[in-house]
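Asks: The structure that follows is given in the form of structure tokens.
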Amino acid sequence: MYRLWIIAALSYIIGGYFVVRDEKKKYLLDFAKGYLTLLLSGLYFHSDLTYLFASAGVLAGHTRPIFYKFRGDTTEIVALGIVFSMAPVMGLSLLFCFLVLLKLLKNYDNAIFAASFLTPALSFKFFRSDSFIAITFIIFAGLAVQFWPSFLEKRIKPVLFTRMAFGLMVMGFLLLLYFNKYVYKGFGMQKDIIRHGPQHFKYVALTFDDGPDPVYTPEILDILKEKNIPATFFLIGKNVETYPDIAKRIVREGHSIGNHTYTHKSLIPLSARATFEEIKKAEKAIENVTGLRPTLFRPPRGVYSSYATKLLRDERYTIVLWDVSAVDWTELPPKSIVTNVTGRVKPGSIILLHDSGDLVTFKGGNRSATVKALPEIIDSLRAGGYEFVTVDQMIFLAELMQTEEQEYENNTRNNPAY
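So, in structure tokens, the structure goes:
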């Protein structure tokens with residue numbers, strides 16, 4: 015993660031300090047600023063999140079939207095460079111639309127403001143990556159504020175709009191910290207929530223979220239089959255319906271399956287009815303395809319509501335979280351994924367990996383690094399004396415150990431000489 019912050023900081027410097035006054039050179043430099051920032055950041059660390067951090071950094075450096083009035087008077091040129099770096103065809107489309115709007119509106123600022131709305135709209139056609147779509151929304155916000163039409167300034171000041179957006183961003187960051195500290199790690203050990211297995215033996219469980227995926231899940235299954243490793247797959251109901259043969263293969267090859275909702279929606283903001291539908295619709299899809307009703311459930315992003323826990327308890331589900339995350343959803347290099355697992359694992363660990371999913375949605379991410387890292391993770395853990403089990407087997411071991419401990423305590427209490 016530190017690499018992403020380095021990229022953001024360097025991009026901010028590029029955006030804020032590479033400035034020329036010459037009108038002829040300014041537009042070329044600002045276009046290159048947006049284009050090359052993404053290109054160079056991708057060479058340093060290739061992932062979709064890299065481009066998201068780089069784009070936010072260079073735009074923030076160029077415009078200084080938070081602490082000062084907008085300084086960058088050519089934000090649209092920097093933004094165009096960013097778009098061309100991601101998808102040249104989309105860049106040409108936006109440029110053409112802008113020229114048409116300019117001819118119709120006969121005002122440069124108003125044409126930019128109108129064209130800014132097309133940026134996120136076109137992104138859904140050109141991109142599958144959540145990070146790239148998020149970049150276009152950042153561009154839209156920056157352009158919409160800077161080129162705020164004069165007829166709207168009397169009603170809503172752009173500075174007020176910027177401060178509101180910044181306040182919401184800070185609140186979102188604080189909520190993220192809250193969820194990471196208290197929801198993901200939890201308020202102690204709840205009876206119906208499993209984060210790890212018994213630490214008496216060197217057993218670990220590999221788990222994969224968000225599949226099945228038509229590319230990465232079969233590759234992962236090939237590796238597991240070759241190395242004779244059981245794993246647990248937490249499946250998205252919608253993906254199961256789309257790729258039923260892969261879901262059947264997971265079960266056929268002896269792996270455990272769990273429910274990971276129908277469309278990967280976070281459970282906290284959902285209503286009771288929507289929560290029920292996400293869980294039960296996924297359950298039905300998985301059972302219809304595989305013939306098995308899942309009894310394990312993993313909430314998206316590890317976030318669960320009080321209603322969800324009650325519903326899952328009533329439906330006889332066990333909520334399964336994790337105590338070791340590979341952080342592969344950030345599309346780290348394979349070596350970093352291996353280090354994240356092998357450096358934190360301990361007896362009883364439940365290891366979180368992904369065979370699909372993206373920053374927000376349930377598919378579209380690049381999991382090739384996870385596939386490359388998996389054989390090394392398995393070999394390294396085996397060399398350290400670890401054996402692999404499914405989450406079902408780990409729960410059985412935990413219950414067995416608990417039963418033996420209770421029996422020992424009862425015998426000791428009734429017979430001190432035991």
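Taking the numbering used here, the leading residue of the sequence shown gets 15, the next gets one more, and so forth.
All C-beta atoms, glycine included, are put in the ideal place defined by N, C-alpha and C.
Small disclaimer: the values here were computed from a predicted structure and weren't measured.
Taking 8 Å as the limit between beta carbons, can you name the residues of its chain near Ile-21, skipping five residues before and five after?
Replies: Ser-55, Tyr-58, Phe-59, Thr-64, Phe-67, Ala-68 and Gly-71
Asks: For Thr-10, which three-state DSSP category applies?
Replies: The requested residue 10 does not occur in the structure, where the chain is confined to residues 15 to 432.
Asks: Which parts of the region 335-384 are runs of the alpha helix (DSSP H), unbroken and 4 residues or longer, counting only runs that do not cross its ends?
Replies: 348-356
Asks: So for Phe-161, helix, strand or coil by DSSP?
Replies: coil
Asks: Let me know the secondary structure DSSP gives Ala-129 once reduced to three states.
Replies: Three-state result, Ala-129: helix.
Asks: By the DSSP assignment, the beta strand (DSSP E) with Val-97 in it spans what residues?
Replies: Counting along the chain, Val-97 falls outside any beta strand (DSSP E), though it belongs to the alpha helix (DSSP H) covering 89-100.
Asks: Mapping the DSSP letters down to three states, classify Ser-61 as helix, strand or coil.
Replies: Of the three classes helix, strand and coil, the one that applies to Ser-61 here is coil, per DSSP.
Asks: Taking the beta carbon of Phe-248 as the centre, do at least 16 other beta carbons fall within 10 Å, making it buried, or is it exposed?
Replies: buried
Asks: Rounded to whole angstroms, how far is the Cβ of Ala-322 from the Cβ of Thr-289, which I believe are closer than 8 Å?
Replies: 5 Å
Asks: For Ser-285, count neighbouring Cβ atoms within 10 angstroms of its own Cβ and tell me buried if that reaches 16, exposed if not.
Replies: exposed
Asks: Since Asp-223 and Leu-366 are thought to touch, with beta carbons under 8 Å apart, how far apart are those beta carbons, to the nearest angstrom?
Replies: 7 Å
Asks: Rounded to the nearest angstrom, what separates Leu-411 and Val-317 at their Cα positions?
Replies: Their backbone Cα atoms lie some 26 Å apart in a straight line.
Asks: Mark Gly-398 as exposed unless 16 or more other C-beta atoms lie within 10 angstroms of its C-beta, in which case mark it buried.
Replies: exposed
Asks: Do Gly-30 and Thr-89 have their beta-carbon atoms positioned less than 9 Å apart in this structure?
Replies: no
Asks: Going by DSSP, which residues form a beta bridge with Phe-222?
Replies: Phe-247 and Leu-367
Asks: Where DSSP assigns a beta bridge to Asn-273, which residues make up the other side?
Replies: Listed as beta-bridge partners of Asn-273 by DSSP are Leu-249 and Phe-311.
Asks: Report the rounded CA-to-CA distance for Phe-141 versus Gln-213, giving the unit in angstroms.
Replies: 44 Å
Asks: Using C-beta distances below 8 Å, list every residue in its chain close to Tyr-49, excluding the 5 sequence neighbours before and after it, in chain order.
Replies: Gly-95, Ile-96, Phe-98 and Ser-99
Asks: Which two residues bound the contiguous alpha helix (DSSP H) that contains Leu-238?
Replies: Run containing Leu-238: 230-241, per the alpha helix (DSSP H) assignment.
Asks: Name the DSSP bridge partner or partners of Glu-1?
Replies: Nothing can be reported for residue 1: it is not among the residues displayed for the chain, which extend from 15 to 432.
Asks: According to DSSP, simplified to helix, strand and coil, what is His-76?
Replies: Three-state result, His-76: helix.
Asks: Just curious, the alpha helix (DSSP H) that Arg-258 is in, first and last residue?
Replies: According to the sequence provided, residue 258 is Pro. The question's Arg does not apply to it. 258-266 is the span of the alpha helix (DSSP H), which, as asked, contains Pro-258.
Asks: Helix or strand or just coil, what does DSSP make of Ile-282?
Replies: coil
Asks: So does the region 293-307 actually touch the region 334-351, counting three or more Cβ pairs closer than 8 Å?
Replies: no
Asks: Alpha carbon to alpha carbon, what distance is there between His-368 and Ile-80?
Replies: Caution is warranted here: a pLDDT of 48 is assigned to Ile-80, below 50, making its placement in the model unreliable, and no coordinate value can be reported.
Asks: Touching or not, the region 124-135 and the region 351-359, by the rule of three or more beta carbon pairs under 8 Å?
Replies: no
Asks: Sort Ser-145, Ile-271 and Glu-233 by Cα distance to Val-385 and report the nearest one.
Replies: Glu-233
Asks: Looking at C-alpha atoms only, which residue of Val-265, Ile-207, Pro-244 and Leu-388 is the closest neighbour of Leu-226?
Replies: Note on identity: in this sequence residue 226 is Pro, with Leu being the wrong assignment. For Pro-226, the nearest C-alpha among the options comes from Val-265.
Asks: How big is the Cα-Cα spacing for Tyr-196 and Pro-283?
Replies: For Tyr-196, the predicted structure reports a pLDDT of 44, less than 50, and the residue's modelled location is therefore unreliable. The matter cannot be settled from this model.
Asks: Taking the alpha-carbon positions, what's the Ile-27 to Leu-18 distance?
Replies: Answer to the nearest angstrom: the Cα atoms are 14 Å apart.
Asks: Could you check how far apart the C-beta atoms of Ile-364 and Thr-231 are, in whole angstroms? I think they sit under 8 Å.
Replies: Not really, about 19 Å apart at Cβ, beyond 8 Å.
Asks: When DSSP labels each residue in this structure, what does Leu-18 get in the three-state scheme?
Replies: Correct three-state label for Leu-18: helix.
Asks: My assumption, with CB atoms under 8 Å, is that Phe-14 sits in contact with Ser-137. Please give the rounded CB distance.
Replies: A query on residue 14 cannot be resolved here, the shown segment of the chain reaching from 15 to 432 and no further.
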